[in-house]
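Chain order of the listed sequences is A and B. Under the working numbering, think of the first position of the first sequence as 1057, with each following residue one higher. Under the working numbering, think of the first position of the second sequence as 1057, with each following residue one higher. Cβ atoms here follow ideal geometry from the backbone N, Cα and C, with glycine treated the same way. Since we're looking at a predicted model, the values are computed, not measured. Below is one structure, written out as structure tokens; the observations come after it.
2 protein chains.
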Amino acid sequence: MAKILKGAPVAAALDEKTAAAVSELKAKQIVPTLAILRVGEREDDLSYERGAMKRCAKTGVEVKNVVLPGDVTTAELLSCVAELNADETVHGVLMFRPLPKHLDEKAVCAALSPAKDVDGITAGSMAGVFMNSGEGYPPCTAQSCMEILKYYNVDTAGKRAAVIGRSLVIGRPVAMLLMHANATVSVCHSRTGDIPAVTRDADIVVAAIGRSESITADHFTGGQTVLDVGINWSEKKGKLVGDVAYETVEPVVSAITPVPGGVGSVTTAVLVSHVADAAGRGVG
Amino acid sequence: MAKILKGAPVAAALDEKTAAAVSELKAKQIVPTLAILRVGEREDDLSYERGAMKRCAKTGVEVKNVVLPGDVTTAELLSCVAELNADETVHGVLMFRPLPKHLDEKAVCAALSPAKDVDGITAGSMAGVFMNSGEGYPPCTAQSCMEILKYYNVDTAGKRAAVIGRSLVIGRPVAMLLMHANATVSVCHSRTGDIPAVTRDADIVVAAIGRSESITADHFTGGQTVLDVGINWSEKKGKLVGDVAYETVEPVVSAITPVPGGVGSVTTAVLVSHVADAAGRGVG
């Protein structure tokens, strides 16, 4: 029986710290504010937005909702980003992606100020993650993995970690965060011949490949900690499932995050903590 | 007996391509030009400068030497960098590091335009390496490793690679370049408990830890390709040695770069190829 690494207590602990930081800032007349920039009405975006707003309400972070129609032009969106960059009352910007296909997503991401990039979408944040320089912020999902490990006292220093997936949203940044935390990290991906050979050697496995229950029991041995980043809809089961085949893997390993209720339930807590941090930068 | 992966033919092949590209650009009245920015008279810098200038002469790249006194101020150096950024006749800038201690190296690196950063020292280049976006250039030593693998037809796709060292000059960027080339990459470092356990599982091992002959035969098995990035002076032997204990490792592995005459002899060829590339960007 593995220990179940639920996200809720991790998020609650983060929220407590964020709420305290927000109170302190408000006492100094600084109101930490997150701008949520949404183009159109995608259901995924609306759902995440509701979650983020709830988390903001809980921690005292203000929200500025900016909603643009689905047929907005790149130029209009860019000028909106420029306004948010210049707006001193806004400390962080969450912009939903993917943007509608007619928009130049690369240019829009590049336009956002890394200092307000609380979800790690700019090149500045990516350089910060790679260089460990503190510039920008890591993508919230990647940092959520680290927060879970920290909360449950899973040691990373000197341990071996395997990351399955090399995306810029999660695989590559979480590999870097684990490396900065002194783990010996291996990154597997679609071209890796024998993924189980890599994951079986690891103490910590992060599954972020985006394929339903594709990481099976033969990938694991006893004593391992598994973070399942996948959130996939299973037609067959009629419910959300992870990238890890939970029912068969859970009995094998030492600790595992559930889906839902695991990594995904920590991301908005990380997001608002970034907003509080951004608001606090430069404050004496 | 391992195959000896000498750097000279790799550099020669690169030079040939660079020279052709330079000729084409000159026919269009563009003279690819490298500015070499040196502070003081460190022997290491002078030696590398001579090598770079020789390589430039060989390939037709012009050199603009900028030498500042060892007691230059950060402000003076920054204004020099700004001038080079603005100078349309300069396509790449090589700035020697480490800078003297009184200078703000971080600020100076940040000031250089990533488009002219032909040796991968800016955050823009680092983001480019991490994101595989093509912005900036990877550090020349990291790319030299890839050029050696390419020249000697060492396959990377689906292969396992172990990088020993996680520096920003070599370990981290070469890990990313190998990953972009579809290798499954593990990064070892000072906190890795059992480095041989990682390297023995790899098809390609990059040693970049900066400690004389510290990577010994027990790190290897047959069939492996070893790139030794270390260049260390051995008092005992009275000569340059790598990070790999060459005499005992060479009989074990399948292919290995010598020191000197291996990775280090390719770096200036990569550098001038970056200058030609930078000069050619935006040319129809």
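query	result
Mind checking residue 1085 of chain A: buried by the 16 CB within 10 Å criterion, or exposed?	exposed
Indicate the three-state DSSP secondary structure (helix, strand or coil) for residue 1218 of chain A in the structure shown.	strand
My assumption, with CB atoms under 8 Å, is that residue 1239 of chain B sits in contact with residue 1215 of chain B. Please give the rounded CB distance.	5 Å
May I have the straight-line CA-CA distance separating residue 1253 of chain B from residue 1066 of chain A, to the nearest angstrom?	34 Å
Grouping DSSP H, G and I as helix and E and B as strand, with all else coil, what is residue 1251 of chain A?	helix
Hey, does residue 1238 of chain A have any beta-carbon neighbour from chain B nearer than 9 Å?	yes
Using a beta-carbon distance below 9 Å, is residue 1244 of chain B in contact with chain A?	yes
Which residue comes first and which comes last in the beta strand (DSSP E) that contains residue 1291 of chain A?	Neither: residue 1291 of chain A is in no beta strand (DSSP E) and is coded neither H nor E.
Let me make sure I understand the geometry here. Which of A:1163, A:1115 and A:1116 has the alpha-carbon closest to that of residue 1136 of chain A?	A:1163
Can you tell me whether residue 1068 of chain B is buried or exposed, with buried defined as 16 or more other CB within 10 angstroms of its CB?	exposed
Name the residue from A:1230, A:1078 and A:1262 whose alpha carbon lies nearest to the alpha carbon of residue 1147 of chain A.	A:1078
Taking DSSP as the reference, what is the three-state secondary structure of residue 1200 of chain A?	helix
I'd like to check one pair, residue 1217 of chain B with residue 1185 of chain B: are the Cβ atoms closer than 9 Å?	no
Please report the Cβ distance between residue 1243 of chain B and residue 1227 of chain B, rounded to the nearest whole angstrom; I am assuming they are in contact, meaning their Cβ atoms lie under 8 Å.	6 Å
Cα separation between residue 1304 of chain A and residue 1325 of chain A?	30 Å
Measuring only between beta-carbons, confirm whether residue 1098 of chain A sits less than 9 Å from chain B.	no
Between the Cα of residue 1168 of chain B and the Cα atoms of B:1158, B:1133 and B:1311, which residue gives the shortest distance?	B:1133
I want to verify the contact list: residues of chain A whose CB lies under 8 Å from the CB of residue 1276 of chain B, in sequence order.	Those within 8 Å of residue 1276 of chain B in chain A number zero; the least Cβ separation is about 17 Å.
Evaluate contact between the region 1308-1320 of chain A and the region 1278-1288 of chain A, counting only Cβ atoms and requiring at least three cross-stretch pairs below 8 Å.	yes
When you compare the CB of residue 1256 of chain A with every CB in chain B, is at least one pair closer than 9 Å?	no
Starting from residue 1224 of chain B, find everything on chain A with Cβ-Cβ shorter than 7 Å and list it in chain order.	1187
I need the DSSP call for residue 1157 of chain A, collapsed to helix, strand or coil.	coil
Pop quiz: residue 1149 of chain B and residue 1174 of chain B are said to be a contact at Cβ under 8 Å. What is the actual Cβ separation, rounded to whole angstroms?	7 Å
Answer with yes or no whether the minimum CB distance from residue 1241 of chain A to chain B is below 9 Å.	yes
How many whole angstroms separate the CB atoms of residue 1165 of chain A and residue 1327 of chain A, which I take to be in contact at a CB cut-off of 8 Å?	No, residue 1165 of chain A and residue 1327 of chain A are not in contact; Cβ-Cβ is about 17 Å, not under 8 Å.
DSSP three-state label for residue 1256 of chain A, please.	coil
Residue 1121 of chain A and residue 1172 of chain A look like a contact to me (Cβ under 8 Å); what is the Cβ gap, rounded to whole Å?	Their Cβ separation, rounded to whole angstroms, is 16 Å, which puts residue 1121 of chain A and residue 1172 of chain A out of contact at 8 Å.
Let me know if residue 1229 of chain A comes out buried or exposed under the rule of 16 or more other beta-carbons within 10 Å of its beta-carbon.	buried
Beta-carbon separation of residue 1247 of chain B and residue 1213 of chain A under 9 Å?	yes
To which residues of the same chain is residue 1329 of chain A closer than 6 Å at the C-beta, ignoring the five residues directly before and after it?	1070 and 1074
Could you check the C-alpha separation between residue 1129 of chain A and residue 1332 of chain A for me, to the nearest Å?	31 Å
Report buried or exposed for residue 1060 of chain B, applying the criterion of at least 16 other Cβ atoms within 10 angstroms of its Cβ.	exposed
According to DSSP, is residue 1303 of chain B helix, strand or coil?	helix
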